[in-house]
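Residue numbers (my numbering), protein chains in the order written: chain A, 1 to 447; chain B, 448 to 704.
These notes are about the structure you will find just below.
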Amino acid sequence: MQEKPKITVTTSRTRRERVASDFTFTADLLPDGALKDFRQKAWDEFTRLPMPTTRDEPWRRTDLRTLPAGDFRLPKVDEYLDLPDIPGYLLRPLVSDQHGGQVVLYPGGSRVDLDPALVKQGVVFTDFRTAEHEHPELLAKMVGEVVRPQDGKFAALAASLSQNGVLLYVPRGVAVEQPLHSILWGPGAALAHIAHILVWIEDGASATYVHEAASPTEAGAHALHAGIVEVHVGDGASLRFVELQSWGEHVWNFSHERARVGRDASLDWIFGAIGSRLTKNFSDLDLVGEGATGRMSGFYFTDGTQHLDHDTQQNHLAPHTTSDLLFKGALTDKSRSVWQGMIYVAPGAQKTDGYQANRNLVLSKGARADSIPGLEILADDVRCTHGATVGKIEEEPMFYLRSRGIPPKDAERLIVEGFFDPIMQRIPFEGVRARFQEAITAKTASI
Amino acid sequence: MSELVIKNLHVSIDGKEILKGLDLTVEQGKIHAIMGPNGTGKSTLAYTLMGHPHYEVTDGEIWFKGENVLELEADERSRLGLFLAFQYPVAIPGVTVANFLRSAINSRRRAENPDDKGISIPEFRKLLKDRMDLLKMDHSVAGRYLNDGFSGGEKKRAEILQLATLRPEIAILDETDSGLDIDALRIVADGVNALTGDDLGVLVITHYQRLLNYIKPDHVHIMLGGKIVESGGPDLALHLEEQGYDWVREKYEETVT
C-alpha cells in the first residue's frame, strides 16, 4: 500500500503587526483638578512617546505586538457595581491582626478607612482623587518627584490618565505602628485600570504599607493596568513596603516604580507576582542619602502562558549606601520570566555595598527564564556582588525524597518550597508568607 | 515475618551488566552483611532494591510481603517497608529535617487513608524528640536544612534518624561506615543497634570489616563480579579481615569472568 504524501499547511490566525497598535485614549479624558497641569504635561509625553518595541533595550524580551491597545476604555463612575465584588480574603489584614487604615480602589469608585488617631497625627491615607480635592498642595509638592512621566510610555499614561490611586503621607517623626493596606481591585474586560500610588514618608517617620492589585481571570478577554508607584523615604525614615499582584490572566500589566531613600533611611521592599497575562515592571531603588539602605525581595511563580518581566535597578548615588536584592521565581507550563537587574554606583559613592541575585527554577520543558544581571560601577572603593541562575529539579534529590515514601508531586512541591525558603526568610509577615505558600501549592498542583 | 527475596537478579547500567544473577533472602529480625571489593556491584544492589531509575533490571525477581517489588516506584517501595541509608545523601536546601520527616510520615498515612489529615504537630514533635534522644542527637538538627552543610558524620546520623523515625521492616545500609572516623562510626552503629530487633531486618553493605565489630551480623555474604559467591556466619567476615579478598578472587575468578 502506498502512503499518500503528507501535506501540512500552516496559517497564522493573527496578523503580525510590525509594531504594536497605539492606544486610542483622547485628551478629553484628562481629569480636571489640582493636577491638571501635571497631567497635561504627562499627556504630551504620552502622545509624543511611541509604543515600545523589541528594538528598545528594556523591551527586548517583551513583545507588545499582540497588545490590543485600541480596545481599552476607562471605567465609568460606579462601574464596579456591575462587576464581580472583591472577595473577602483580600480585605483581611495581611501583616498583622488589624490595620491602621485601608483604601480599596474599584473601577469607578473607592472606599477609605483610616484610624482617627492617625488622622490626628497628620497621616494622610486616601485615594488619589480624594487627595486631589482635599490635599491639593501636598500632592502638587510631591507628585512626579520620584517617577517622571518621561520615564516611559506607560509612566506617561499613568501620570496623565490615572483615574485613581493612593496617597500615603506620614509627617515628620511620626511612627505608624499599625500597617496600612490598599487594594486595587480590577475586575472586568476591556477596562484600563490606571493608578498612581504615591508614598511619602517624611524625615524620621516610619510605616508599614501593603499594596495589592488583583482581579479574577476573564477568559478570552483583555484588560490593562498601567501604574506608577513613587516612594519617598526621608532622612532617617523607614518603610516596609509589600506589593502583591495577582491580576487575572487576561491582564496586561505595566508599572513604573521608584523608591528614593534618604540619609540613614531604610526601605524593605517586597514584591510578590503571580498573576497577569503579561507584566513589565520597572522597579528602581535610588539610594540618594549617605547611609541609605534598601532591600528588595521578589517572589514570582508563573504558569500557563504568562510572561513576567521584572526590570530592577539599584542606584547607589551616595557613599556608604547598601542594597540587597534577591528575586526568586519558579515557572511551569509554557510560561516565561525575565529578570534584568543593574547595580549602578555613581562616581564618588564610595564604601557602598551592593548585592543582587536572581534564582529561577524551571519546572517544565516549555517554560523559560531569562536572567540578566548587570553592574556599572563608577566608584573605586565599593563591594558589589551578583549572581544569576536558572535551574531545574534534579533527579537525585527527587529520588532521595521518593525513597522516603514521598510521592512525586509532593516531592516536587517540597523542593519548590525549599527553593523559595530564602525569600520566605526575608519576609517578616506571616500573612504574606502564607499567601506565597498558597500560590506554591496551587501552581505546583498542575505540574 | 516478612522476607525480602531476591532471585537471579541481573542489573545493567548504561548497557553494562553489573549484577549477574544475585540470590539473597533477608528476613525481618536478622542482620545480613554483604562484603566485597570495590566495583563488584554492592551499591548497584542497594540502588536497585530502592528503585533508582538509572538501574535497569534485565532479569530476575524481587519479592517483599507478597508484592513484586520491581513493579513498584521508589516511594511505593518505601511505604511498603523498605529503607535505604544512602552512601552519599543529597542535600535538600530550604527543607528542614523536621519538615521533610513530617512529609514522609504523612505520605505513609495518606497512602493508608487518603482523607488523613496528617500527624499533629505535638505528636510529631514528641516522636522526633524521642527518636533524636534514642540516637543521642542534638535537637537543633530538626531545624537544619536536610543534609545541607552537614559533615560526613552528620549526614550518616541523619540517615539513621530517618530510619528510626520511619520504622521500615528491611533497611539497607549502603557503606554507612564510609568517611566516618572511629567515634562517628561507633555513634552510628549504636544508633543502628538501638533499632534492631525482631521488627527490623538489616542488609549492611560494606567494604571493610570494621563496621561489623559494632553491628554484629547473623549472616555474612561475599560478593564478587555481580554475584554472591560465599555465604556464612560472622566468622566469614573475620576471615576476610585476616586474609583479604585475594583468596576469593582466586577461588572464583574463572566463574565470574
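Note that CB positions come from ideal geometry on N, CA and C, so glycine has one too.
Contact annotation for residue 681 of chain B against chain A: no contact, minimum CB-CB distance about 29 angstroms [criterion: below 9 angstroms]. By alpha-carbon distance to residue 476 of chain B, the top candidate from B:618, B:606, B:684, B:660 is B:618.
In this model, residue 93 of chain A and residue 525 of chain B are separated by some 43 angstroms (Cα to Cα).
A residue is called buried when at least 16 other Cβ atoms come within 10 angstroms of its Cβ; residue 455 of chain B does not meet this threshold and is exposed.
Considered as a whole, the segment 114-183 of chain A harbours 124-127, 164-170 as its complete beta strand (DSSP E) runs of no fewer than 3 residues, in chain order. Within the DSSP secondary-structure output, residue 375 of chain A pairs in a beta bridge with A:343. Within chain A, the C-beta atoms nearer than 7 angstroms to that of residue 554 of chain B come from 405, 406, 407, 410, in chain order. Contact check for residue 82 of chain A against residue 178 of chain A fails: the beta carbons are separated by 9 angstroms or more. Residue 342 of chain A and residue 367 of chain A have their C-alpha atoms roughly 24 angstroms apart. When Cβ-Cβ separations below 9 angstroms define contact, residue 300 of chain A makes no contact with chain B. Along the segment 410-429 of chain A, the positions whose C-beta sits under 8 angstroms from a C-beta of chain B are 410, 411, 414, 415, 417, 418, 419, 420, 421, 422, read in chain order. With the rule of 3 Cβ pairs closer than 8 angstroms, the segment 379-389 of chain A does not count as touching the segment 491-506 of chain B.
Each of A:42, A:378, A:73 was checked against the Cα of residue 149 of chain A, and the nearest Cα belongs to A:42. Put simply, the backbone Cα of residue 405 of chain A is about 6 angstroms away from that of residue 554 of chain B. Each residue's CA atom was taken as its position, placing residue 387 of chain A and residue 651 of chain B some 43 angstroms apart.
When DSSP states are grouped into helix, strand and coil, residue 327 of chain A belongs to the strand group.
Between residue 68 of chain A and residue 193 of chain A a beta carbon distance of about 15 angstroms is seen, past the 8 angstroms cut, so the two are scored as non-contacting. Each residue's CA atom was taken as its position, placing residue 433 of chain A and residue 424 of chain A some 6 angstroms apart.
Proximity of residue 402 of chain A to chain B, defined by a Cβ-Cβ separation below 9 angstroms, is satisfied. Under a criterion of Cβ atoms nearer than 7 angstroms, the residues of chain B adjacent to residue 396 of chain A are, in order, 537. In this structure, the alpha-carbon of residue 443 of chain A lies about 43 angstroms from that of residue 173 of chain A.
Comparing alpha carbon positions, the residue from A:269, A:418, A:206, A:307 closest to residue 244 of chain A is A:269.
For the options A:409, A:319, A:348, A:419, the alpha carbon positioned closest to that of residue 360 of chain A is the one of A:419.
With respect to residue 197 of chain A, residue 239 of chain A sits apart: the two C-beta atoms are not nearer than 9 angstroms. With at least 16 other beta carbons inside 10 angstroms of its own, residue 311 of chain A counts as buried. Its chain contains 608, 611, 612 as the residues whose beta carbon lies nearer than 7 angstroms to that of residue 578 of chain B, once the 5 sequence neighbours on both sides are disregarded; these appear in chain order.
The three-state reading of DSSP puts residue 579 of chain B in helix, counting H, G and I together. Distances from the alpha-carbon of residue 480 of chain B to those of B:606, B:649, B:544, B:676 put B:649 closest. Straight across, the Cα-Cα distance linking residue 340 of chain A with residue 320 of chain A is about 24 angstroms. About 5 angstroms separates the Cβ atoms of residue 267 of chain A and residue 294 of chain A, confirming a contact at the 8 angstroms cut-off.
The beta carbons of residue 118 of chain A and residue 102 of chain A sit no closer together than 9 angstroms.
For residue 568 of chain B, the number of other beta carbons within 10 angstroms of its own is below 16, and it is reported as exposed.
DSSP, reduced to helix, strand and coil, places residue 246 of chain A within a strand of the structure shown. Membership of residue 300 of chain A in any alpha helix (DSSP H) is not indicated; the residue belongs instead to the beta strand (DSSP E) covering 293-302.
Put simply, the segment 251-265 of chain A does not touch the segment 120-139 of chain A. Fewer than three CB pairs are less than 8 angstroms apart. Beta-bridge annotation (DSSP): residue 185 of chain A is paired with A:214.
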